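Number of protein chains: 2
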Amino acid sequence: METIRVERAKTLKEKPNPDTVKFGVSFTDHMFLMNYADGKGWYDPRIVPYGPIPLEPSAMVFHYAQEIFEGLKAYRRADGKVQLFRPRDNIRRLNTSAQRLCIPTLDEDLALEAICQLVRLDESWVPSKEGTSLYIRPFIIATDPTVGVHSSHTYLFAVILCPVGSYYPEGINPVKIFVETEDVRAVRGGTGFAKTGGNYAATIRAAERAGQKGFTQVLWLDGVERKYIEEVGTMNVLFKINGEVVTPPLSGSILAGITRDSCIQLLRSWGVPVTERKITAVELFAAGESGALEEAFGSGTAAVISPIGEMDWDGRRVIVSGGKIGPLSQRLYDTLTGIQWGKVPDPFGWVLPL
Amino acid sequence: METIRVERAKTLKEKPNPDTVKFGVSFTDHMFLMNYADGKGWYDPRIVPYGPIPLEPSAMVFHYAQEIFEGLKAYRRADGKVQLFRPRDNIRRLNTSAQRLCIPTLDEDLALEAICQLVRLDESWVPSKEGTSLYIRPFIIATDPTVGVHSSHTYLFAVILCPVGSYYPEGINPVKIFVETEDVRAVRGGTGFAKTGGNYAATIRAAERAGQKGFTQVLWLDGVERKYIEEVGTMNVLFKINGEVVTPPLSGSILAGITRDSCIQLLRSWGVPVTERKITAVELFAAGESGALEEAFGSGTAAVISPIGEMDWDGRRVIVSGGKIGPLSQRLYDTLTGIQWGKVPDPFGWVLPL
Ligand SMILES: Cc1ncc(COP(=O)(O)O)c(C=O)c1O
Ligand SMILES: Cc1ncc(COP(=O)(O)O)c(C=O)c1O
Chain A
1 METIRVERAK TLKEKPNPDT VKFGVSFTDH MFLMNYADGK GWYDPRIVPY
51 GPIPLEPSAM VFHYAQEIFE GLKAYRRADG KVQLFRPRDN IRRLNTSAQR
101 LCIPTLDEDL ALEAICQLVR LDESWVPSKE GTSLYIRPFI IATDPTVGVH
151 SSHTYLFAVI LCPVGSYYPE GINPVKIFVE TEDVRAVRGG TGFAKTGGNY
201 AATIRAAERA GQKGFTQVLW LDGVERKYIE EVGTMNVLFK INGEVVTPPL
251 SGSILAGITR DSCIQLLRSW GVPVTERKIT AVELFAAGES GALEEAFGSG
301 TAAVISPIGE MDWDGRRVIV SGGKIGPLSQ RLYDTLTGIQ WGKVPDPFGW
351 VLPL
Chain B
1001 METIRVERAK TLKEKPNPDT VKFGVSFTDH MFLMNYADGK GWYDPRIVPY
1051 GPIPLEPSAM VFHYAQEIFE GLKAYRRADG KVQLFRPRDN IRRLNTSAQR
1101 LCIPTLDEDL ALEAICQLVR LDESWVPSKE GTSLYIRPFI IATDPTVGVH
1151 SSHTYLFAVI LCPVGSYYPE GINPVKIFVE TEDVRAVRGG TGFAKTGGNY
1201 AATIRAAERA GQKGFTQVLW LDGVERKYIE EVGTMNVLFK INGEVVTPPL
1251 SGSILAGITR DSCIQLLRSW GVPVTERKIT AVELFAAGES GALEEAFGSG
1301 TAAVISPIGE MDWDGRRVIV SGGKIGPLSQ RLYDTLTGIQ WGKVPDPFGW
1351 VLPL
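Note that the protein sequences, when read in sequence, are chains A and B.
Numbered per this note's numbering, the first sequence finishes at 354, counting up by one with no gaps.
Numbered per this note's numbering, the second sequence finishes at 1354, counting up by one with no gaps.
Quick look at the structure:
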């Protein structure tokens, strides 16, 4: 494996207050960079001071959005050690996204080493307060300075880090979600399963409209029939209906969430039945109205578990679990965060201490 | 209207050979830039030397592809004057794209003035050889240095220019197109009608696969039923069937091409019937096999008219117009290029001399 060159920052930044730091606003002292060129492959892996990336105005990423990213976290345990949660799964998913977008894949070991070395160097940025963590954002952008639709011949892989405060500083508050019936996020045959910019750009309008109506998140329906539940903004969704947990299958238009997979594994290990199957909005709302819907929650790296307290669809409104977090959602949240922060055993081998 | 500040380049670049210059590779001496910030609006319109744009690694455009663009051309007439083709339509379409992507719209007059002043300053870059032109690429990118899916609070609007050689240096050669049945470009409710990066990123894989099989372009089917013809890579498509020209309607998933609209207006002025309606691949291939399909062509700024000589779909192959350009395609090409280069009268008021 290539060695990573390190150029340390001459001056270090002041760290933000972990109580008030907003998600994604404040970045650490260093970043990891590596270039790619056709014929040469990935080259010059390096850690350098965090700072602007100068790109030609013709760089492909600005025009044709050939870009992919990942999101994972580093957690500080009570003993002061720092650990990552399922980082290899993020790197594999980055490579899956790369294939869809015709971006060259990364060597998994090198990418993991890059993340580990960078977090180690900026380890003092990993906050220690309850619920806080260091968010890790690896991404790849197409840098060819030519205007014309084709896959780029040059790329930049970067990893940046930002400390994040607790997602639930005031305790877990269930969210209100709005089932979007006009805009579509993704369709089978498209890029829905990849973590690529275009999927997110497409969602901004609906998210803004939902926000104006007082909702926290949009719940997406499938792009073909606009009938089946897909996922919410940056989370997968799971529903407990008549004692069974149901979640939409990975059919190509939704992201294969790592938190989703962790929930499924945990639930099965507890003997809770989980089915990955298509579920219509009609079925979901009927279950909500009849009381069969016991719990509903989103799963994702940022919130871990985000209980859904209310869902609105086409004028219909359903209150879930009395608008409070349900017992299974709470147990998943406690167990996952317990594993992530190293407070409970990790029978699945999910954590990687630095 | 705000005045545009001009900072001239200290040294001018060498101009590329117009016979060999490749599309989108070589840029002129200057570019136009203008910033946007919430509460402040668009500000500091300026023409500056062409050069790199430094952006924070956390800039939204790298992660969530909140970005839009346009493409139009400046043409040098025989008398040496330079003129643009329907530039206001491009600016309006940029604003349409902006609305879909929650990007603040531009003042039309200022955007037009920006393009005109920039082209005037770099006028010596407009080549004069038969078929050559200056390609104009306006684009807007989200620049907020924060990681988190929402619409950006800051943006950069830029215009860059590149001289382009003749699209048909060896005469017009009809292309072979491949009807894609797996990947999908866009779906109603998505961003297909907007000129935004994500639409193009989604197409790269299919275009590469088609290229490997010897095809020049991909013909897209609709994302819902995968039945209806949509458009090709960067062109709309028109078919002459039994004396009538048929083209897919602007139903939300395809770009409202300005060349397409120009073709429709010209055809109607000539008394050729044109229908904007849904057309299935089944109908198209049946018409091809029965001989009812007389001509097929793409329309777009780059090629103007690109005759389709062969189409393949699911193992079926149709040769159109004997693999040669048809008379109506040729007439459209001659008339449109005639108007663009100022060789024939412009009854529609499409050209804007600088
Ligand atoms: C569209 C989308 N779905 C689901 C998720 C949840 O994935 P994960 O659990 O890996 O964070 C995310 C966030 O990463 C996302 O962006
Ligand atoms: C997807 C797509 N469709 C159609 C077109 C043709 O549009 P226009 O005739 O305005 O160049 C383009 C190119 O601009 C395009 O990118």
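C-beta atoms are modelled at their ideal positions from N, C-alpha and C, and glycine is treated no differently.
Computed from a predicted model, the values in this text were never measured in an experiment.
Cα separation between residue i and residue j?
i, j, result
"Ile1241(B)", "Glu1180(B)", "22 Å"
"Phe348(A)", "Ile4(A)", "30 Å"
"Ala151(A)", "Ile103(A)", "The question names Ala, but residue 151(A) is Ser in the sequence shown. Ser151(A) and Ile103(A): Cα-Cα distance of roughly 7 Å."
"Cys1263(B)", "Ala1296(B)", "13 Å"
"Val224(A)", "Phe1215(B)", "28 Å"
"Val1282(B)", "Pro1174(B)", "22 Å"
"Leu1336(B)", "Ile1177(B)", "23 Å"
"Arg93(A)", "Ala194(A)", "8 Å"
"Ile308(A)", "Gln265(A)", "21 Å"
"Val1164(B)", "Glu1070(B)", "16 Å"
"Ser299(A)", "Met1001(B)", "49 Å"
"Ala1201(B)", "Ser97(A)", "12 Å"
"Lys1213(B)", "Gly1323(B)", "18 Å"
"His1063(B)", "Met1031(B)", "24 Å"
"Leu355(A)", "Asp1089(B)", "Because residue 355(A) is not part of the residues shown, which for chain A are 1 to 354, the question remains open."
Counting only C-beta atoms, is residue i closer than 8 Å to chain A at any point?
i, result
"Met1031(B)", "yes"
"Thr1143(B)", "no"
"Asp1183(B)", "yes"
"Cys1162(B)", "yes"
"Ser1306(B)", "no"
"Gly1197(B)", "yes"
"Gly1291(B)", "no"
"Leu1055(B)", "yes"
"Val1179(B)", "no"
"Gly1189(B)", "yes"
If the criterion is Cβ atoms closer than 8 Å, does the pair residue i and residue j meet it?
i, j, result
"Val1187(B)", "Ser1253(B)", "yes"
"Gly1024(B)", "Val147(A)", "yes"
"Trp1220(B)", "Glu1230(B)", "yes"
"Val126(A)", "Gly1190(B)", "no"
"Leu1110(B)", "Pro1045(B)", "yes"
"Ile1160(B)", "Tyr1050(B)", "yes"
"Gln986(B)", "Leu1352(B)", "A query on residue 986(B) cannot be resolved here, the shown segment of chain B reaching from 1001 to 1354 and no further."
For ligand 2, is there a heavy atom less than 7 Å away from the beta-carbon of residue i?
i, result
"Ser1306(B)", "no"
"Thr1259(B)", "yes"
"Ser1299(B)", "yes"
"Met1(A)", "no"
"Met1235(B)", "yes"
"Glu1231(B)", "yes"
"Gly1165(B)", "no"
"Gly198(A)", "no"
"Lys1195(B)", "yes"
"Leu1255(B)", "yes"
Tell me whether residue i is buried or exposed, calling it buried when 16 or more other Cβ atoms sit within 10 Å of its Cβ.
i, result
"Gly233(A)", "buried"
"Asn1236(B)", "buried"
"Gln1217(B)", "buried"
"Val304(A)", "buried"
"Ser58(A)", "buried"
"Ala287(A)", "buried"
"Leu1087(B)", "In the sequence as presented, Leu is not what sits at residue 1087(B); that position holds Pro. Buried, because 16 or more other Cβ atoms sit within 10 Å of the Cβ of Pro1087(B)."
"Tyr1043(B)", "exposed"
"Thr355(A)", "Look at the range of chain A in this structure, 1 to 354, and you will see that residue 355(A) is not part of it."
"Asp222(A)", "buried"
"Ser26(A)", "buried"
Hey, would you say the C-beta of residue i is under 7 Å away from at least one heavy atom of ligand 1?
i, result
"Val276(A)", "The sequence shown places Glu at residue 276(A), not Val. Not so, every heavy atom of ligand 1 lies at least 7 Å from the Cβ."
"Glu67(A)", "no"
"Lys73(A)", "no"
For residue i and chain B, any beta-carbon pair shorter than 8 Å?
i, result
"Thr203(A)", "yes"
"Glu67(A)", "yes"
"His150(A)", "yes"
"Tyr36(A)", "no"
"Phe215(A)", "no"
"Ser166(A)", "no"
"Tyr200(A)", "yes"
"His63(A)", "yes"
Whose Cβ in chain C lies nearer than 8 Å to the Cβ of residue i?
i, result
"Thr1234(B)", "Although the question refers to chain C, the structure presented lacks it and instead comprises the protein chains A and B."
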